[in-house]
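Protein chains in written order, with the numbering used here: chain D, 131 to 531; chain S, 131 to 531.
Now the structure itself:
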């Protein structure tokens with residue numbers, strides 16, 4: 131009976147009626163791996179083979195010490211975890227490494243393990259029987275950075291067949307320590323867009339996902355990090371005890387102004403030459419998460435002639451505690467509310483409900499100052515990818531209207 | 131002076147004239163990671179932070195024990211390694227894990243570390259200033275396996291603009307324990323095709339990279355593995371000491387006949403419906419590496435009405451030591467050489483020179499039996515991705531002529 135329930139649970143995902151003792155393998159496990167697994171109450175169980183180790187712990191926001199069995203296999207069951215996607219790592223006798231049982235995800239500058247604590251009924255980011263777009267890898271040479279770069283580009287389901295059609299474009303950025311793979315690997319951008327387009331909510335659009343990191347030859351990529359801009363919350367270099375040996379100092383190969391220059395000089399022209407794109411600011415949106423949200427505000431607020439839609443998911447130019455003065459905040463972008471509102475068709479602020487009140491306060495201050503904005507709060511989620519998937523899902527139906 | 135040489139070496143790659151003591155970071159390191167690095171004589175140096183570990187070794191084909199420094203950082207310099215791409219892992223007090231300093235690569239059923247020992251002048255698989263195609267992710271539902279699947283699809287540089295053009299298709303498979311990401315991640319299929327097309331050597335074509343693993347609901351995926359078919363040479367489950375804990379028994383979720391049925395029922399129809407494809411067997415090729423080469427022969431030799439071009443890279447239906455009888459070998463596919471030669475426009479066998487004589491012997495036996503075939507030997511390489519990149523580079527100019 132337990133086996134039948136287990137099979138049912140696996141085939142149905144995390145559903146009501148599931149036996150309380152069923153631990154379902156995380157969706158990000160490598161094929162055939164039964165662990166880590168997740169209980170219906172959101173506790174997770176981890177297992178690692180380490181016959182000669184003295185101490186192994188799982189670092190997932192906080193640390194959980196594992197216990198060694200007589201077979202040399204270490205196990206631990208956590209307390210209930212917050213719903214959503216979490217990077218995690220193992221500490222094996224002081225070495226910080228990924229768990230070999232999961233696929234890996236680029237965050238905090240290295241290939242972490244990942245686990246999903248599923249939300250009940252959360253299927254907007256999953257593959258459904260609807261028309262599917264493509265995510266493709268696009269190589270291009272950047273004159274500004276003097277390097278080859280890679281973007282991922284989502285084209286909507288009808289892009290291949292509607293060969294006379296032209297499409298608006300959303301430029302979408304990852305966060306600190308992540309890269310251009312984030313939105314399609316952890317974020318499921320393709321399924322979110324497919325499902326939203328199929329439901330008639332979002333307009334068919336192209337989504338361009340590039341890499342935040344952009345420095346000119348000889349430029350110091352650590353400048354941005356040194357400005358006190360956001361650090362990752364869970365598995366930061368500090369949170370991992372120490373960075374893996376062999377790593378140089380600068381995880382962030384990044385300066386905000388250079389990214390903007392690269393985007394204007396190299397990325398947007400490449401996209402508009404390569405893809406069938408609708409012209410003009412009203413067909414161009416930009417959004418990003420965490421540091422990518424900050425970059426979005428940095429780039430767009432001084433380029434309102436090029437962007438009519440702006441989104442920050444757990445990251446923008448405000449909400450970090452400084453007193454808000456509409457005349458000077460965000461480089462003075464909001465000094466003339468009427469002019470700003472006339473130009474900007476959408477200013478969107480998304481946040482997880484357990485990330486703190488900063489973003490809500492910022493939205494309220496903007497509203498008080500007469501700046502139109504949309505505030506979206508993801509219930510019960512933290513500074514992680516479920517917040518950002520939900521933010522994107524709420525954001526894209528509002529674009530290009 | 132040493133610093134100037136080091137900078138020159140980094141900017142030029144591994145080039146002649148490089149100082150003998152310069153250790154160049156591997157191209158697959160995470161951003162800013164200086165280790166692992168490779169010396170001009172192909173020794174590699176590894177560094178791992180493990181302050182409380184008792185023993186750490188690097189497993190790269192063979193094991194190399196690391197030595198602990200007073201700062202808790204372990205290091206080792208290997209003997210010279212064979213040129214090409216190598217999966218590798220760390221053993222930390224008995225736990226088999228990836229090195230956090232590199233990007234990860236799916237092989238042997240998990241996310242290994244990877245290192246490239248560069249070949250002098252090997253630039254055919256690198257990004258050049260030529261028109262670039264796209265590699266895109268294609269989701270589709272398989273009726274045969276009753277699951278969503280994912281393929282990666284390369285479309286050539288002119289595919290987007292030449293909207294009336296139709297293209298021939300190469301179906302290209304990975305090896306044991308790998309997945310559909312292999313050819314574009316480790317194999318650089320996009321740059322190989324871009325460069326070969328730009329040089330006028332290969333015809334513009336679509337390349338479809340799917341996943342070998344295909345079982346029907348309830349089918350046992352370990353059947354194929356149990357038949358004694360190829361195991362990976364370097365970082366096999368056995369070679370890694372023991373599989374990571376939490377892993378189930380069957381790494382190979384695979385039966386050869388089911389893959390063929392899935393390909394005919396689901397994959398090819400999806401591709402021909404979704405992409406602008408030229409019809410018929412003379413516009414359809416199939417190739418694969420190692421177990422993917424074996425699958426290619428399994429699939430094509432009983433479907434010669436559907437494929438005119440066949441390639442096996444370090445894997446086919448022969449060369450594994452059994453006595454060759456042209457009447458019965460490979461299911462009798464070669465029993466009538468004239469008929470086979472008339473139908474098959476290319477039978478290609480690629481191998482690394484240090485993989486042993488089996489494939490050369492098989493090619494000679496086929497030739498003796500009157501079966502036209504092309505034998506390609508990659509000089510100085512092993513059962514790894516440089517052999518397969520070179521095989522692909524030699525293979526694609528011969529297609530669709």
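Think of the CB as a built atom: it goes at the ideal place given N, C-alpha and C, for glycine as much as any other residue. Computed from a prediction, not measured in an experiment: that's the story for all the values here.
* **residue 313/D - containing alpha helix (DSSP H), residue span** => Boundaries of the alpha helix (DSSP H) around residue 313/D: 312-315.
* Taking contact to mean at least 3 C-beta pairs separated by less than 8 Å, is the region 197-211 of chain S in contact with the region 173-183 of chain S? -> Output reads yes: the region 173-183 of chain S touches the region 197-211 of chain S.
* To do: Consult DSSP for residue 360/S and reduce its assignment to one of helix, strand or coil.
  => Because residue 360/S sits at a pLDDT of 33, beneath the cut-off of 50, its placement in the model cannot be relied upon, and the following sentence gives the value as read from the coordinates. The three-state reading of DSSP puts residue 360/S in coil, since its state is none of H, G, I, E or B.
* Asked: Taking 8 Å as the CB-CB cut-off, is residue 346/D touching chain B?
  -> Looking at the structure shown, chain B is missing, and the protein chains on hand are D and S.
* **Interfacial residues, the region 267-288 of chain D to chain S, with Cβ spacing under 7 Å** => From the region 267-288 of chain D, only 267, 268, 269, 271, 278 have a Cβ closer than 7 Å to chain S.
* Asked: From residue 298/S to residue 432/D, what does the alpha carbon distance come to, in whole angstroms?
  -> Their backbone Cα atoms lie some 47 Å apart in a straight line.
* To do: Compare the C-beta of residue 409/D against all C-beta atoms of chain S and say whether one is closer than 8 Å.
  => Taking Cβ atoms only, chain S never reaches closer than 8 Å to residue 409/D, which makes this a no.
* Asked: Thinking just about the alpha-carbon of each residue, which of 531/S, 456/S, 521/S, 514/S is nearest to the one in residue 191/S?
  -> The residue among 531/S, 456/S, 521/S, 514/S with its C-alpha nearest the C-alpha of residue 191/S is 514/S.
* Go through the region 253-324 of chain D residue by residue and report every complete run of the beta strand (DSSP E) that reaches 3 residues or more, in order. => The region 253-324 of chain D contains these whole beta strand (DSSP E) runs: 264-272, 277-285, 299-303.
* To do: Report yes if the C-beta distance between residue 479/S and residue 446/S is below 8 Å; otherwise report no.
  => It is a contact, given that the beta carbons lie within the stated cut-off.
* To do: Please report how far the alpha carbon of residue 510/D lies from the alpha carbon of residue 516/D, in whole angstroms.
  => Approximately 10 Å, taken between the alpha carbons.
* Would you say residue 244/D reaches chain S, if we count a Cβ-Cβ gap shorter than 8 Å as a contact? -> False, the Cβ-Cβ gap to chain S never drops below 8 Å.
* So residue 454/S packs on residue 492/S, CB below 8 Å; how close in whole Å? -> Contact flag correct, Cβ pair sits at about 7 Å.
* Spatially closest choice to residue 295/D from 406/D, 412/D, 525/D, 465/D, by CA coordinates -> Considering only alpha carbons, the answer is 406/D.
* Asked: Do you know how far the Cα of residue 229/D is from the Cα of residue 153/S?
  -> Roughly 29 Å between the two C-alpha positions.
* **Per-residue burial, residue 184/D [other beta carbons within 10 Å of its own, 16 or more giving buried]** => Residue 184/D is exposed by the Cβ-count criterion.
* Could you give the distance in angstroms between the alpha-carbon of residue 467/D and the alpha-carbon of residue 522/D? -> About 25 Å.
* To do: With DSSP collapsed to three states, give me the class of residue 522/S.
  => Here residue 522/S sits in helix by DSSP.
* Between residue 180/D and chain S, is there a C-beta pair that is closer than 8 Å? -> Residue contact with chain S for residue 180/D: present (Cβ-Cβ distance below 8 Å to some residue of chain S).
* Going along the chain, which residues of the region 486-508 of chain D sit with their C-beta nearer than 8 Å to a C-beta in chain S? -> Within the region 486-508 of chain D, no residue has its Cβ closer than 8 Å to any Cβ of chain S.
* With 16 as the cutoff for other CB atoms within 10 Å, does residue 260/S come out buried or exposed? -> Exposed.
* Asked: Between the C-alpha atoms of residue 81/S and residue 425/S, what's the straight-line distance to the nearest angstrom?
  -> Here chain S has residues from 131 to 531 only, and residue 81/S is not among them.
* To do: With 8 Å as the threshold, decide whether the Cβ of residue 207/D is near any Cβ in chain S.
  => No, no contact with chain S.
* To do: List the residues that DSSP assigns as beta-bridge partners of residue 192/S.
  => Note: residue 192/S sits in a beta bridge opposite 190/S.
* Asked: When you compare each of 500/S, 151/S, 472/S, 442/S to residue 302/S by their alpha carbons, which one comes out closest?
  -> Comparing C-alpha distances from residue 302/S to each of 500/S, 151/S, 472/S, 442/S shows the shortest one belongs to 442/S.
* To do: Output yes or no for whether 8 Å exceeds the beta carbon distance between residue 215/D and residue 316/D.
  => Yes, the pair counts as a contact, with Cβ atoms nearer than the cut-off.
* Between the region 272-286 of chain S and the region 331-338 of chain D, are three or more C-beta pairs nearer than 8 Å? -> Between the region 272-286 of chain S and the region 331-338 of chain D, the count of Cβ pairs shorter than 8 Å is below three; the stretches do not touch.
* What residue from 218/S, 250/S, 287/S has the CA that sits closest to residue 237/S's CA? -> That would be 218/S, whose Cα lies nearest to the Cα of residue 237/S.
* Asked: residue 273/S to residue 394/S, Cα distance in whole Å?
  -> Taking the straight line joining both Cα atoms gives about 11 Å.
* To do: Let me know the secondary structure DSSP gives residue 429/S once reduced to three states.
  => Secondary structure at residue 429/S: helix, using DSSP grouped into helix, strand and coil.
* To do: Look up residue 242/S in the DSSP assignment and give the residues it is bridged to.
  => Within the DSSP bridge table, the entry for residue 242/S names 235/S as partners.
* **chain D contact residues for residue 426/S, given Cβ-Cβ distances below 8 Å** => Simply none; closest approach about 21 Å.
* Output yes or no for whether 8 Å exceeds the beta carbon distance between residue 346/S and residue 388/S. => The Cβ atoms of residue 346/S and residue 388/S lie closer than 8 Å to each other.
* Looking at the C-beta of residue 318/D, does it have a partner C-beta in chain S at a distance below 8 Å? -> Under the Cβ distance rule, residue 318/D does not count among the residues neighbouring chain S, no pair being separated by less than 8 Å.
* On the three-state DSSP scale, how would you describe residue 230/D? -> Reduced to three states, the DSSP call for residue 230/D is coil.
* Alpha-carbon to alpha-carbon, residue 498/D and residue 168/S -> Taking the straight line joining both Cα atoms gives about 59 Å.
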